[in-house]
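With the numbering used here applied, the sequence shown corresponds to residues 2 to 363, in that order.
The beta-carbon is built from N, C-alpha and C at its ideal position, and this holds for glycine as well.
Remember, predicted model here, so these are calculated numbers, not experimental data.
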Amino acid sequence: MLQRITFTVLFLLGFGIVLSAQTISLNEVAQLEKTITQNPADSETRLKLISYYQQGKTLAAKKSLQKHRVGLIQNNPQTSNYTFFGIWMSENKNNPEYFELKNEWLKQLAKFKTDSKVRLNAGDFLTLAEPLLAEKIFREGETIDPDFFWFPLRLIEIYNSKYEDLKSKGEINEETVKEDDVKPILEKIVAETQSGLKALETADEATKNENERKFLAMQATKSLELGDSKTAYQAAHKLHKNLVETKPQVYLYEYFCIVESVKGRAALMDGNLDEAKVHLFEPIKASQSIGTLPPIIDIRFIEELLIKEGAENILKYLQLCEKLNLEDDDKKIIKKWENLLLKGRIPNFSEYRNTIENILIL
């Protein structure tokens, strides 16, 4: 009986990848190898082989895997969205296999200097291991092809990762957010949102609408972190306009929460407490009207409002949150917050998982 091995086949569909479990025999592997030898540019066949060899534990399997990784870069550098290269991006940059793949990408970059898809793929491969080099590649891309919105989008991801790393280390708070090591990162993010929005002017309507939301959400939230309430509010207003014009809106609830959060915090920043309170409750109303979605809480917003006016409205807000579609653990957390507020104590709002901070991922 022929040995059969389960493996995952990667099928490229537009800008995504569908994973489906398949089985393949050793005879079929041999046939696939023969096919790829005859036609090295057959990316579908090579992806099947890559997926097969990924399951192998032997040295021979690892060598075959590396051979086909290299072959894919050499023969298909323009393939739309090399998401499947994510299996390599986390590799240690001191690994010889990583260096071989990196050098192949740099060769392709030198060969296709003005090809934005090749540049995007090369930068994507390098982003985790060598973000400074990836940043350089993307910035050069913006100069070569200013209408390719993926370059500013990738740069925002790189800069936001730096920002989040600093924040996770406790180096960002109300007193230090404008210090020299942090402010330039936020300014770069906001600048890239402008570049991205301009690049989208030449995109088709569907592409423009989807990616405009990403740029505007980041522009609104990061402008707020810079203390620029005017730019933040304007970006939130444009984002709201985008949402109103998009159907079905149920899938855009997270963006709607960002809009109301930014407008509320901007109002607080400008000393307009009554307007801020209105924006606090709007996501609750929206959730109730489209199927009691779980609340998405902006921790900074409720903390700032708590400092400004006390616990009364925060308690009302939390009581409404309790009535929405919450998991039992989240209900317990919110109930605990209510009890602490009633005792005059400040809860640890970071306990809750479904927050604005956690959904701001491009």
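Under the three-state DSSP convention, the category residue i falls into
{"i": "residue 356", "result": "strand"}
{"i": "residue 298", "result": "strand"}
{"i": "residue 25", "result": "strand"}
{"i": "residue 307", "result": "helix"}
{"i": "residue 348", "result": "coil"}
{"i": "residue 246", "result": "coil"}
{"i": "residue 153", "result": "helix"}
{"i": "residue 86", "result": "Caution applies to residue 86, whose pLDDT of 49 falls short of 50 and renders its modelled position unreliable; the value that the coordinates give is listed next. Helix, per DSSP."}
{"i": "residue 166", "result": "helix"}
{"i": "residue 100", "result": "helix"}
{"i": "residue 328", "result": "coil"}
{"i": "residue 108", "result": "helix"}
{"i": "residue 94", "result": "coil"}
{"i": "residue 235", "result": "helix"}
Delimiting residues of the alpha helix (DSSP H) encompassing residue i
{"i": "residue 70", "result": "60-76"}
{"i": "residue 224", "result": "206-226"}
{"i": "residue 117", "result": "117-127"}
{"i": "residue 195", "result": "184-200"}
{"i": "residue 142", "result": "132-145"}
{"i": "residue 275", "result": "274-290"}
{"i": "residue 265", "result": "254-270"}
{"i": "residue 41", "result": "Residue 41 -> no alpha helix (DSSP H), and no H or E assigned at all."}
{"i": "residue 320", "result": "313-323"}
Top-ranked residue by Cα proximity to residue i, from the options
{"i": "residue 279", "options": "290, 306, 301, 224", "result": "306"}
{"i": "residue 185", "options": "212, 36, 161", "result": "161"}
{"i": "residue 163", "options": "116, 136, 80", "result": "136"}
{"i": "residue 246", "options": "211, 104, 234, 168", "result": "211"}
{"i": "residue 243", "options": "308, 99, 208, 269", "result": "208"}
{"i": "residue 303", "options": "268, 289, 124", "result": "268"}
{"i": "residue 156", "options": "169, 168, 316, 120", "result": "120"}
{"i": "residue 299", "options": "97, 60, 349", "result": "349"}
{"i": "residue 233", "options": "190, 80, 38", "result": "190"}
{"i": "residue 130", "options": "274, 314, 99, 32", "result": "99"}
{"i": "residue 193", "options": "218, 153, 223, 227", "result": "153"}
For residue j and residue i, the rounded distance between their alpha carbons
{"i": "residue 262", "j": "residue 281", "result": "7 Å"}
{"i": "residue 20", "j": "residue 346", "result": "With a pLDDT of 36 at residue 20, under the threshold of 50, the modelled position of this residue cannot be trusted; read the value that follows with caution. Cα to Cα, the separation comes out at about 49 Å."}
{"i": "residue 44", "j": "residue 77", "result": "7 Å"}
{"i": "residue 110", "j": "residue 287", "result": "47 Å"}
{"i": "residue 103", "j": "residue 50", "result": "21 Å"}
{"i": "residue 358", "j": "residue 65", "result": "42 Å"}
{"i": "residue 56", "j": "residue 25", "result": "12 Å"}
{"i": "residue 254", "j": "residue 324", "result": "17 Å"}
{"i": "residue 97", "j": "residue 30", "result": "26 Å"}
{"i": "residue 343", "j": "residue 333", "result": "15 Å"}
{"i": "residue 36", "j": "residue 74", "result": "17 Å"}
{"i": "residue 125", "j": "residue 159", "result": "10 Å"}
{"i": "residue 328", "j": "residue 205", "result": "39 Å"}
Does the count of Cβ pairs from the region 188-205 and the region 144-162 closer than 8 Å reach three?
yes
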